[in-house]
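There are 2 protein chains.
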Amino acid sequence: MTNSTSPLSPRKTPRQARSKATVHAILEAAARILETQGADAVTTNAVADRAGVSVGSLYQYFPSKEAIFAELIRQMRAQMRDDIFRAMDFVVGKSLSFAMARLVRAVIHHHVHRAHRADALEHLEAQLPPDPDSLTMMSQTRARLALCLTQHKVPQPEQAAGDILNLIIGMAHPALHGGETDFDSLARRIDPAVLGYLGRM
Amino acid sequence: MTNSTSPLSPRKTPRQARSKATVHAILEAAARILETQGADAVTTNAVADRAGVSVGSLYQYFPSKEAIFAELIRQMRAQMRDDIFRAMDFVVGKSLSFAMARLVRAVIHHHVHRAHRADALEHLEAQLPPDPDSLTMMSQTRARLALCLTQHKVPQPEQAAGDILNLIIGMAHPALHGGETDFDSLARRIDPAVLGYLGRM
DNA sequence: CCAAAATGTGAGCAATAGCTCATGTTCGAC
DNA sequence: GTCGAACATGAGCTATTGCTCACATTTTGG
Numbered sequence: 004m005t006n007s008t009s010p011l012s013p014r015k016t017p018r019q020a021r022s023k024a025t026v027h028a029i030l031e032a033a034a035r036i037l038e039t040q041g042a043d044a045v046t047t048n049a050v051a052d053r054a055g056v057s058v059g060s061l062y063q064y065f066p067s068k069e070a071i072f073a074e075l076i077r078q079m080r081a082q083m084r085d086d087i088f089r090a091m092d093f094v095v096g097k098s099l100s101f102a103m104a105r106l107v108r109a110v111i112h113h114h115v116h117r118a119h120r121a122d123a124l125e126h127l128e129a130q131l132p133p134d135p136d137s138l139t140m141m142s143q144t145r146a147r148l149a150l151c152l153t154q155h156k157v158p159q160p161e162q163a164a165g166d167i168l169n170l171i172i173g174m175a176h177p178a179l180h181g182g183e184t185d186f187d188s189l190a191r192r193i194d195p196a197v198l199g200y201l202g203r204m
Numbered sequence: 004m005t006n007s008t009s010p011l012s013p014r015k016t017p018r019q020a021r022s023k024a025t026v027h028a029i030l031e032a033a034a035r036i037l038e039t040q041g042a043d044a045v046t047t048n049a050v051a052d053r054a055g056v057s058v059g060s061l062y063q064y065f066p067s068k069e070a071i072f073a074e075l076i077r078q079m080r081a082q083m084r085d086d087i088f089r090a091m092d093f094v095v096g097k098s099l100s101f102a103m104a105r106l107v108r109a110v111i112h113h114h115v116h117r118a119h120r121a122d123a124l125e126h127l128e129a130q131l132p133p134d135p136d137s138l139t140m141m142s143q144t145r146a147r148l149a150l151c152l153t154q155h156k157v158p159q160p161e162q163a164a165g166d167i168l169n170l171i172i173g174m175a176h177p178a179l180h181g182g183e184t185d186f187d188s189l190a191r192r193i194d195p196a197v198l199g200y201l202g203r204m
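Chains as they are written, first to last, in this note's numbering: chain W, 4 to 204; chain V, 4 to 204.
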């Protein structure tokens with residue numbers, strides 16, 4: 004089965020277990036090289052080497068190096084979306100401040116887990132042509148948060164959802180990248196900013 | 004005069020007006036290619052071409068492509084520092100909320116002016132070895148803000164300064180990059196978040 | 001003026017990248 | 001078993017990149 008012709012989508016969908024493992028190994032190898040040696044070190048030969056497969060196999064499933072990055076970014080976005088969905092589901096019926104506190108911690112948790120990878124991938128994303136799938140996932144994430152805000156009568160929930168995500172990520176990401184390890188302290192500093200934004204101090 | 008041996012510092016300091024113009028043309032060409040065609044399009048030959056000089060001249064003043072990026076980043080950091088210094092100077096003796104409002108607008112103004120360039124440079128910076136000069140300038144920026152916060156009895160002013168800058172940049176940057184053009188509206192949404200962080204709503 | 005320093009030139013080298021393809025191997029349906 | 005499809009291999013082609021160097025031109029101090 005061949006996939007769409009978009010330059011960022013996978014080339015062929017693996018059908019046997021063996022090829023699924025190959026694809027997984029390629030993605031994991033690319034991510035590890037990216038984390039440990041930087042974007043420039045992620046060459047197709049290096050990825051194939053590290054994955055223990057040949058370049059030919061790599062190009063059976065990814066039409067280009069960029070497609071590998073795009074897939075990793077899609078995985079990251081999907082996980083972030085799912086994390087936030089879970090947090091928002093857990094929080095229905097609770098107070099707005101409780102909901103926001105939970106959101107803050109979900110985002111922090113997401114960034115702590117694989118901080119280096121997320122960081123590098125986000126910088127890469129800016130240099131890649133925009134990927135519709137990634138945009139969709141981010142849109143879904145915002146929409147879910149907006150729904151929660153609507154239920155609490157927050158005005159302009161769509162805009163507020165975007166602002167709040169930017170606020171939380173904007174504060175959490177550099178702090179964690181800068182070596183901050185007291186996640187509770189960080190969360191307790193972000194909380195009042197979010198509530199301040201919402202005018203609910 | 005030859006400069007330090009650091010891989011990111013310029014190689015030779017221009018002494019005549021003509022070479023100053025050359026250096027300026029190289030930096031401007033690199034920035035324009037970066038903005039319009041992305042990081043991968045910034046090759047030394049392309050930069051030299053666009054600058055109207057030869058590759059040889061380029062390598063007289065920059066030991067590597069990375070050194071060009073590093074210099075552009077330094078310029079950006081210096082301008083941000085100066086913008087914020089001016090804002091903080093203007094605001095001594097005024098109320099904390101007035102000071103923060105001014106800060107918010109200074110950051111927004113800084114990002115509006117050359118949003119594309121700043122964006123691309125920041126993503127590049129993450130992939131370069133850390134540059135001491137840039138770190139120093141960011142440290143100076145934070146310190147100046149911390150001083151202002153100290154005068155308003157804000158506890159932990161150093162940490163708060165970092166948090167507030169991250170908050171403002173984190174909210175402003177994606178919004179502006181996403182095409183937001185109503186800067187006043189944006190500023191008025193960031194203001195309460197900052198005050199919320201400070202516990203001064 | 002003139003020599004020395006500063007500046008500028010661009011053909012081309014060495015290295016390396018992304019990627020293809022001819023060929024071989026394994027799997028699964030029948 | 002058998003045969004076609006799926007999967008895997010890796011030597012090596014093509015293109016490009018960062019960068020050097022031998023040489024030309026301009027500027028400046030005296």
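Note that CB positions come from ideal geometry on N, CA and C, so glycine has one too.
Note down, in chain order, each residue of its chain lying with its Cβ closer than 6 Å to the Cβ of residue i, except the 5 sequence neighbours on either side.
i                        : result
proline 66 of chain V    : Arg14
aspartate 136 of chain V : Arg77
alanine 129 of chain W   : none
glutamate 161 of chain W : Ala149
aspartate 134 of chain V : Leu11, Ala73
Report back the beta-carbon spacing between residue i and residue j to the nearest angstrom; my notes put them in contact at under 8 Å.
i                         : j                           : result
isoleucine 172 of chain V : valine 197 of chain V       : Contact flag wrong, Cβ pair sits at about 12 Å.
alanine 102 of chain V    : cysteine 151 of chain V     : 6 Å
arginine 147 of chain W   : phenylalanine 88 of chain W : 6 Å
proline 195 of chain V    : glycine 202 of chain W      : 6 Å
One question on the structure: do residue i and residue j come within less than 7 Å of each other, judged by their Cβ atoms?
i                         : j                         : result
methionine 204 of chain W : methionine 174 of chain V : no
isoleucine 193 of chain V : valine 107 of chain V     : yes
leucine 124 of chain V    : methionine 79 of chain V  : yes
alanine 34 of chain V     : leucine 61 of chain V     : no
valine 50 of chain W      : alanine 32 of chain W     : yes
tyrosine 64 of chain W    : valine 26 of chain W      : yes
alanine 92 of chain W     : alanine 109 of chain W    : Here residue 92 of chain W turns out to be aspartate, not alanine, going by the sequence shown. Cβ atoms of aspartate 92 of chain W and alanine 109 of chain W: not closer than 7 Å.
histidine 155 of chain V  : leucine 189 of chain V    : no
Residues in the same chain with beta-carbon distance under 8 Å from residue i, minus the five sequence neighbours each way, listed in chain order, please.
i                        : result
proline 10 of chain W    : Pro66, Ser67, Glu69, Ala70, Pro132
tyrosine 200 of chain V  : Ala163, Asp166, Ile167, Leu170
isoleucine 36 of chain V : Ala44, Val45, Ala49, Val50, Arg53
aspartate 58 of chain W  : The question names aspartate, but residue 58 of chain W in the sequence shown is valine. Only Thr47, Asn48, Ala51 meet the Cβ criterion.
valine 157 of chain V    : Leu99, Ala163, Leu201
Please go through the same chain and pick out, in chain order, the residues whose beta-carbon is closer than 7 Å to the beta-carbon of residue i, but skip the five residues on each side of it.
i                           : result
phenylalanine 72 of chain W : Leu127, Leu131
alanine 81 of chain V       : Met140
glycine 165 of chain W      : Arg145
glutamate 38 of chain W     : His119, Arg120, Ala123
glycine 55 of chain W       : Ala28
arginine 191 of chain V     : none
glutamine 143 of chain V    : Arg84
threonine 153 of chain V    : Pro160
alanine 90 of chain V       : Arg105, Leu106, Ala109
- Between the segment 102–114 of chain W and the segment 174–181 of chain W, are three or more C-beta pairs nearer than 8 Å? By the Cβ test, the segment 102–114 of chain W is in contact with the segment 174–181 of chain W, since at least three Cβ pairs between them sit closer than 8 Å.
Next item on the list: Check each residue of the segment 70–102 of chain W: if its Cβ is closer than 8 Å to any Cβ of chain V, include it; give the result in chain order.
Entry: Flagged: no residues at all.
*the segment 130–157 of chain W: positions lying closer than 7 Å to chain V by Cβ*: Here the close residues are Gln130.
Chain W contacts made by the segment 41–53 of chain V, where a contact means CB separation under 9 Å: Listed by position along the chain: Gly41, Ala42, Asp43.
| said: Please identify, using Cβ separations under 7 Å, the residues of the segment 165–176 of chain W that lie next to chain V, in order along the chain. | reply: For the segment 165–176 of chain W, the set of positions with a beta-carbon nearer than 7 Å to some beta-carbon of chain V reads Asp166, Asn169, Leu170, Ile172, Gly173, Met174 in chain order.
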